[in-house]
Amino acid sequence: MRDIARRMLRARYWLAPACAAAMLAGCAQFKYYMQAAQGQYSLWSDARPIDDWLGDPTTDPQLKARLEKALLIRKFAVKELGLPDNASYKNYAALSRPFVLWNVVATPELSLRPIQWCFPIAGCVSYRGYYSKEDANAYADELRKEGNDVQVGGVPAYSTLGWFSDPLLSTFINYSDAELARMVFHELAHQVVYVPGDSQFNESFATAVEEAGVQRWLELYGTDPMREAYARYNARRQDFLTLLVRHRKMLADAYASKTSTRHKRAEKARIFAHLKSDYLKLKETWGGYAGYDRWFAEPLTNAQLSAVGTYHDYLPAFRALLKQERTFVRFYAAVQKLASLDIAQRRQQLDLLGRPAMLNAEGGKEALPATEGMH
């Protein structure tokens, strides 16, 4: 009961600015905040301490094994990566849906710049999250009627930035050991440093932490087959990212050109058709691996490509900074200093850090295409 009371008290302080902003913005915004509050509260209601699940004779043995592995990963995150030692990922909730929430991302028809929504605490972000897929689809339809490109994507996990105790969820507990570790490290990193309104900074930083963390995890706990499988996974992910970045650059150039709207629409269709064709060729080099087929399950839109760089644009910079600082404690302190700068200074410093990593040894060419149109 004391734990519930603490949660309710904390929720009151967290929701107060949100509700005030929502009432000023109107009924639709108020309804959005209410579904967010109800969704977050339902996670608390469903979550139980991992020790309770482990001690329950009715708990499936396979789930027990995954929860025991998650506890080991959680301890590793604190001891080896210096991530927060708090109540996050020490509870577990079994949900009756495949994702914890669904994000709606939108862009204008002929632009890669995502529409942003601003919220208390999180600042301005390029998505709106819904705990109901139906609600997400309904809002997506409204945006489409306004002429926007829209994507609705399921999200297996998210971070409340330390405001609440984030639970482990059935939406990702059955991931492979390396993927489960990656998810936990990434979300905990958001509790270390988070800059409201700068998703590229936040996600690239968390991706750097997850990347280095999984490498250490595999060195300590992995087997040769696990390391080989994760290396293949990472190689395919990099291939796919390179493919998307290349076509995003093509779209950005087309939209920036001084041509008619009709011509830009034709170029858009041509580039997306080219992307599909190149993906099929890439699959052949993977031996037919179809893990990214779901990305092409629906018609391609700008919205799908708009966020491609969010997790990776500044990853080379954070990799370089971690190598420079040598320990996670010093790395986090250096990232905190970057976070304290205004956005222009911060991006200038990140560009300087990342530039050497983006040049190849032979001719000083960029390792990946430029990403105009995304900032």
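The sequence shown lines up with residues -30 to -1, 1 to 345 when you count with mature numbering (1 follows the signal peptide of the UniProt record, and there is no 0).
Ideal Cβ placement from N, Cα and C applies to all residues, glycine included.
Proximity below 8 Å, CB of L292 to CB of L158: Stepping through the sequence shown from its first residue, residue 292 is reached at position 322. Stepping through the sequence shown from its first residue, residue 158 is reached at position 188. No.
7 Å CB neighbourhood of D209 in its chain, flanking five on each side removed: Position 239 of the sequence shown, counting from 1, holds the residue named residue 209. These residues qualify, in order along the chain: L252.
Assumed close pair R300, L308 - CB separation to whole angstroms, cut-off 8 Å: Along the sequence shown, one-based indexing puts residue 300 at 330. Along the sequence shown, one-based indexing puts residue 308 at 338. With a beta-carbon spacing of about 13 Å, R300 and L308 fall beyond the 8 Å limit used to define contacts.
Cβ-based burial, S247 [other Cβ within 10 Å; buried from 16]: Numbered from 1 along the sequence shown, position 277 holds the residue referred to as residue 247. Exposed: under 16 other Cβ atoms inside 10 Å.
Helix, strand or coil at D194 [DSSP, three-state]: Start at 1 with the first residue of the sequence shown, and residue 194 comes out as number 224. Here D194 sits in helix by DSSP.
From E173, R186, R264, D147, residue whose alpha carbon lies closest to that of A199: In the sequence shown, residue 199 corresponds to position 229, counting from 1. Considering only alpha carbons, the answer is D147.
Reduced DSSP category for P286 - H, G, I as helix; E, B as strand; rest coil: Position 316 of the sequence shown holds residue 286. Annotated three-state conformation of P286 is helix, per DSSP.
Integer Cβ distance of G183 from A226, believed to fall under 8 Å: Locating residue 183 in the sequence shown gives position 213, counting from the first residue. Locating residue 226 in the sequence shown gives position 256, counting from the first residue. Between A226 and G183 the Cβ distance is about 38 Å, and since that is not below 8 Å, they are no contact.
Contact check, N118 vs Y97, beta carbons under 8 Å: In the sequence shown, counting from the first residue as 1, residue 118 sits at position 148. In the sequence shown, counting from the first residue as 1, residue 97 sits at position 127. No; because the gap between Cβ atoms is not below 8 Å, this pair is not in contact.
Environment of W187 [buried if 16+ CB atoms lie within 10 Å]: As a working mapping, residue 187 is identified with position 217 in the sequence shown. With 16 or more Cβ atoms within 10 Å of its Cβ, W187 is classed as buried.
Other residues of its chain near H156: CB distance less than 6 Å, five sequence neighbours each side excluded: The residue you call residue 156 lines up with position 186 of the sequence shown. Closer than 6 Å at the Cβ level, and outside the excluded window around H156, lie A176, E180.
Endpoints, the alpha helix (DSSP H) within which R152 is located: Taking the sequence shown and counting its residues from 1, one reaches residue 152 at position 182. Counting along the chain, the alpha helix (DSSP H) containing R152 begins and ends at 147 to 162.
Status (buried if at least 16 other CB within 10 Å, exposed otherwise) for N272: Position 302 of the sequence shown, counting from 1, holds the residue named residue 272. That one is buried.
Limits of the beta strand (DSSP E) - the one that W72 falls within: Against the sequence shown, residue 72 aligns to sequence position 102. Segment 71 to 77, the beta strand (DSSP E) holding W72.
Spatial distance of Y259 from A205 (CA atoms): Here the question's residue 259 lines up with position 289 in the sequence shown. Here the question's residue 205 lines up with position 235 in the sequence shown. About 12 Å.
Inter-stretch contact at 8 Å, needing at least 3 Cβ pairs: the region 61 to 76 / the region 6 to 20: yes
Cβ-based neighbour list, L270, same chain, cut-off 6 Å, excluding 5 preceding and 5 following: The sequence position of residue 270 within the sequence shown is 300, counting from 1. Closer than 6 Å at the Cβ level, and outside the excluded window around L270, lie F242.
Closest residue to F288 among D22, A314, L320 (Cα-Cα distance): Here the question's residue 288 lines up with position 318 in the sequence shown. The shortest Cα separation from F288 among D22, A314, L320 belongs to L320.
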